[in-house]
Amino acid sequence: MILTLLKFIAARIPHAGPLSDVLGATLALLGIVKQMRDSRDDCDYLIERILLLLNYLLEDLERTRIRIEDDTSTAGRVLQLLRRCGIETAEQPGFRQSMFEQISQDVRSRVASIRETDAPDGADRGSSGDQQRPRVDKYTEHLVDCVDDLTKHCYKCLPEISFNSIRSTDLSVVGRGIVSRYHIRQCGKPTIQLCETEIKTLELLNQLEDIVDISADKLAEKMSDLSLNLHDLGMQEEALGMQTFCVILYRGLGPRGAPRNLPLSLDNLALRHADANYKAVEIYRKLASKYSSAFQPYLSMALRNLSLHLSLLNRPQEALVARCQAVELDQMLAKSYPSIFKSALTWSLENLSRRLSSLNHMEEALEANREAMMLFRHLAEGCPAVFECDLASSLHTLSDILRARDQPEEALEAIQEAVGMYRRQIISCSVPNRLHDLASLLQAMSLYTLSSCLSDLDVRKEAFDAAEKAVCLHQTLSAENPDISKLHLVFSLHGLSCQLSALGRYSEALAASQEAIDLHSQLPQYPPTSFKADHARFLAGLVSDLHSLGCNEEALQAIQEVVHLHRELAKNHPATYSGGLAVSLWDLSICHCALGHQAESLKAAQAAVNLQRCLAADCPAEFNPFLTLCLDILSDCLGNNSYRQDAVKAIQEAIEVHKQLPVRSPDTFNSKLAAFYVTLSDSLSPMGRHEEALDAMQQVLALRRPLAKVHPAVFNASLASTLNRCSSCLIALGRVKEALEISREALMLYQQLATDDPRSFDDGIAKSQRNISRCRTMLEQPSNALEAVLEAVRLNQQLAAENPERYNLELAETLAEFSNCLDAVGRPGEALQVTEKRVTMYRELVDMTPANRCHLGILLCDLTSQLFQNGRELEGLGIAEETVKIYRSLAHEQPDGYNADLAATLRDLSTYFYYFDRVEDALGAIEEAVALFQPLIADCPTDYKAIFAECLQCLSHYLRDLDRPEEALQASLEATLL
1 MILTLLKFIA ARIPHAGPLS DVLGATLALL GIVKQMRDSR DDCDYLIERI
51 LLLLNYLLED LERTRIRIED DTSTAGRVLQ LLRRCGIETA EQPGFRQSMF
101 EQISQDVRSR VASIRETDAP DGADRGSSGD QQRPRVDKYT EHLVDCVDDL
151 TKHCYKCLPE ISFNSIRSTD LSVVGRGIVS RYHIRQCGKP TIQLCETEIK
201 TLELLNQLED IVDISADKLA EKMSDLSLNL HDLGMQEEAL GMQTFCVILY
251 RGLGPRGAPR NLPLSLDNLA LRHADANYKA VEIYRKLASK YSSAFQPYLS
301 MALRNLSLHL SLLNRPQEAL VARCQAVELD QMLAKSYPSI FKSALTWSLE
351 NLSRRLSSLN HMEEALEANR EAMMLFRHLA EGCPAVFECD LASSLHTLSD
401 ILRARDQPEE ALEAIQEAVG MYRRQIISCS VPNRLHDLAS LLQAMSLYTL
451 SSCLSDLDVR KEAFDAAEKA VCLHQTLSAE NPDISKLHLV FSLHGLSCQL
501 SALGRYSEAL AASQEAIDLH SQLPQYPPTS FKADHARFLA GLVSDLHSLG
551 CNEEALQAIQ EVVHLHRELA KNHPATYSGG LAVSLWDLSI CHCALGHQAE
601 SLKAAQAAVN LQRCLAADCP AEFNPFLTLC LDILSDCLGN NSYRQDAVKA
651 IQEAIEVHKQ LPVRSPDTFN SKLAAFYVTL SDSLSPMGRH EEALDAMQQV
701 LALRRPLAKV HPAVFNASLA STLNRCSSCL IALGRVKEAL EISREALMLY
751 QQLATDDPRS FDDGIAKSQR NISRCRTMLE QPSNALEAVL EAVRLNQQLA
801 AENPERYNLE LAETLAEFSN CLDAVGRPGE ALQVTEKRVT MYRELVDMTP
851 ANRCHLGILL CDLTSQLFQN GRELEGLGIA EETVKIYRSL AHEQPDGYNA
901 DLAATLRDLS TYFYYFDRVE DALGAIEEAV ALFQPLIADC PTDYKAIFAE
951 CLQCLSHYLR DLDRPEEALQ ASLEATLL
């Protein structure tokens, strides 16, 4: 009888959840038994009673389905039990005391009834009870106390068990709801140390071993439990050895072993050995085909564990197959036994949705999530206190899927509903407890996602507020409960850094990023692949912050580490991490560009595009969106290296690829398309193709005006920037009045935006004022022009003082207009001083890219002209010669990009030589200019016809002065024919 009960109970205890207090009270009862070792009969009698009592409690748990299994909600099972006990709500005053009294009385009556049923058939049960009673009377006081303690502790701890159903939404590092035999795992270790239950189970069996013989199968089960504890304590090798021996022991038992013990043990072994998981599934398949009703749930459990294990091994496609098979089984079980398996099916669908989402199968993921949501809503309607958290978690998943589908408004709506549900759960916990902590943790995670959704819609202030709340919640929870993994705090700090950066608070953003990286480095290294991927992600955030602060050397070092991590990841798991490598190469290109390493920048951008092309060829739906971004940065790099035609081709390809993408969210689609047209316009302008550049900007306006009309808070800033760019294009075409009108509109928009956030839009206001000044100058309104440019100078000086690396070039551009205005109002001396200041600023640039060297050359041209105007001709000639040297070096490096600029500066130098009667030198300079222009005019006659004709006229003039009339006539005729 004792061994039978022992087997029956031992089969239940590992599934009964973390009822450590119950097992502790049972140990106290066994302590009484130990005092009775001198009487074997008394000992057997009381053991039997204790085991029966525990059996009744476990049967109650099983009848109400309070079995802590994979993908079930412990909290839901607890409330079901409370309702069976006649208790409607956990908030009802005094419910615990009445429940304890009821249960204690029930246990006493159970013990009495056991004594009566022990009487032999035909015997007087009352007499038998009287005969048995003296055998336990001397232990009655202790026994009753322990029984009371057992029942009270049991039901006292039940309402707080729900904390052990804590789940994470980050599938890359966490298994979901794997409790009891499959503990909650986060970063390779338990989130909450649940092994206490198994330890007490082992202690209980050790106590019983001193009293009764334990069979071989029970010894195997003890060793299986011990293996799990060793695994949780980080003793991986010992755990593997113990579990392997356990499997061998079960196999040796053959038919004498319980039929489910071997696959269960294999399932435990699977936590440490991949092949064992497949073996467990194989055995369960055979058992389920023979005993379908009994073993289908176990087969489903094994498939779920197999899916998780394959996912951790970065075998996502195989994990998806196993998860789909588990869902099919759960659907069959839920159809046959809806009251028992509906919750398991719901979570199985939810996890399937996440697995599909991780593989970028967004349509299928959305379908699975919606089915899970429908079931969760139905469950939550019947019992909101139990299932609202689960529904909120499903809403969180829905938000992630919708974000990936470029549906930011719908994603925001879903996560806002989830945050509200978690908030209600926290409020409902009047006394802080584990359930309160669980809801707080889940709310913090949802606030992190809420911040990202708001950021997607450019609602910056609200996004920052949500990110800050998430960090505060995680910090509080980590301080109060060190067992909770700090990984979520790391993610929330990373999110806070992103929002601070969006607000222009770059120093604070950098501090948050650095704190996240330092904290992440201190965490126990969970699966190395996941650790590297996460660390690369946080370092990439640090790169962005360093870049924004102008710390370009540090940013380059950090991004090189990110690229190294992604190369290692992509080498071992190309399908999973090649996309991440492309992103890091994209960032590497940006960092090299910021340091003026144009060749390295172009090389990295080309590598990113090549890698992304390969990925997009196999899976265009997944990788074409980022291919467009890689082409965008490649266009910038080509332009910076003066491969202007190639730059235009790259961005035109990006536009064509983007137009072929599915339009899930018109607003997001059009916003990205507008950004590509901006790059196209910027690529066309340096080539003198101003009409085409203007056409591109008008496309941008046509896209952004409707967006700003519907979502002004999100798109007004982009619209204002577009208006400024359009104004610049119109100025280049001499359409000054239109340019002035558009510049005024841009200024008005920026001033409206600045009322809520005064400093964030100073750069835009300065650009608007600078364009207005240019228009006023061209309209011969010098005083008005000077007034506008002075405001632009003031704003740019403030910005450059705070962040010189970022804003010095903008200040130099504004000073150029300031110099022109001073010259226009008759203050040439001051204009010259401003130009000299600009030249000094450019000479001091560490970032001497070809583009900036070209800008320096342009500045030197202006300086030469002003020096001649101010009677400093010799200095002007020296500056003109320096200008030619700059463009000669640029043309030597990139002839296609800078030959035209070199030819133009040679023409100017020839006029300065002629001013000093150095006609021979003037002739040499103009002949070189003509030679450079000849191939250019053959390729692009429209762009270079006018300046080439001027050069030929100069050549004719110089030849005539040198008494070479025939050559002079030939040059003049050639100019006329043009």
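Letter 463 of the sequence shown, counting from 1, is numbered 463 in UniProt numbering, and no numbers are missing. The C-beta atom is built at its ideal place from N, Cα and C for all residues, glycine as well.
Cβ contact annotation for LEU959 (same chain, cutoff 8 Å, sequence separation greater than five): LEU923, PRO965, GLU967, ALA968 and ALA971, in chain order. Rounded to the nearest angstrom, the Cβ distance from ILE772 to ALA788 is 4 Å, consistent with a contact under 8 Å. From the listed residues LEU359, SER783 and CYS854, the smallest Cα separation to LEU822 is found for SER783. For ASN624, the CB contacts under 7 Å within the same chain, skipping 5 residues up- and downstream, are ALA616, VAL657 and LEU661 in chain order.
For the pair GLN560 and ALA582, the CB atoms are not nearer than the 8 Å cut-off. Exposure of TYR915 is indicated by the presence of fewer than 16 other C-beta atoms within 10 angstroms of its C-beta. Counting only residues of its own chain and dropping the five nearest sequence neighbours on each side, ILE926 has a CB closer than 8 Å to the CB of LEU906, ARG907, SER910, CYS951, CYS954, LEU955 and TYR958. Membership of GLU364 in the alpha helix (DSSP H) is indicated by the continuous run 362–382. For GLN769, the enclosing alpha helix (DSSP H) starts and ends at 762–778. Per DSSP, HIS535 is one residue of the alpha helix (DSSP H) stretching across 528–548.
Cβ-Cβ distances below 7 Å link HIS520 to VAL490, ASP534, HIS535 and PHE538 in the same chain, with the five nearest sequence neighbours on each side left out; the list follows chain order. When only Cα atoms are considered, GLY596 and GLN894 end up about 15 Å apart. For a cut-off of 8 Å, the C-beta gap from SER584 to HIS592 is around 13 Å, too long to register as a contact. By the neighbour-count criterion, in which a residue is buried when 16 or more other Cβ atoms sit within 10 angstroms of its Cβ, ARG759 is exposed. The beta-carbon separation of LEU454 and TYR506, rounded to 20 Å, does not stay under the 8 Å limit for a contact. The straight-line gap separating the alpha-carbon atoms of LEU496 and GLU468 is approximately 6 Å. For GLY504, the three-state secondary structure derived from DSSP is coil. Excluding the 5 residues flanking it on each side, VAL562 has same chain C-beta neighbours closer than 6 Å at ALA536, LEU539, ALA540 and SER584, in chain order.
Distance from the CA atom of ALA555 to the CA atom of LEU510, rounded to whole angstroms, is 11 Å. Between GLY857 and ARG644, the C-beta gap is not smaller than 8 Å, which leaves the two residues out of contact. The beta carbon of ALA368 sits closer than 7 Å to those of LEU349, LEU352, SER353 and LEU356, all from its chain and outside the five residues before and after it, given in chain order. For ASN870, no alpha helix (DSSP H) segment is defined, and its DSSP state is neither H nor E.
Between SER589 and ALA605, the CB-CB gap stays under 8 Å. Taking C-beta atoms under 8 Å as the contact rule, THR814 and VAL834 fail to qualify, at a distance of about 10 Å. Around the beta carbon of SER451, 16 or more other beta carbons lie within 10 angstroms, which makes this residue buried. Pairing LEU719 with ILE742, the inter-Cα distance amounts to about 11 Å. Linking GLU791 to GLU692 through their CA atoms gives a straight-line distance of about 31 Å. Considering only ASP682, SER544, PRO666 and LEU977, the residue with the shortest C-alpha distance to LYS649 is ASP682.
With at least 16 other beta carbons inside 10 angstroms of its own, ASP587 counts as buried. Between THR449 and HIS494, the CB-CB gap reaches or exceeds 8 Å. Note that the C-beta distance between ALA824 and ARG838 is not below 8 Å. In this structure the region 662–671 lies against the region 400–407, because at least three pairs of beta carbons, one per stretch, are closer than 8 Å. Of the residues assessed, HIS488 falls on the buried side of the cut-off, its CB having 16 or more other CB atoms within 10 angstroms.
Residue environment for ASP545: buried (at least 16 other C-beta atoms within 10 angstroms of its C-beta).
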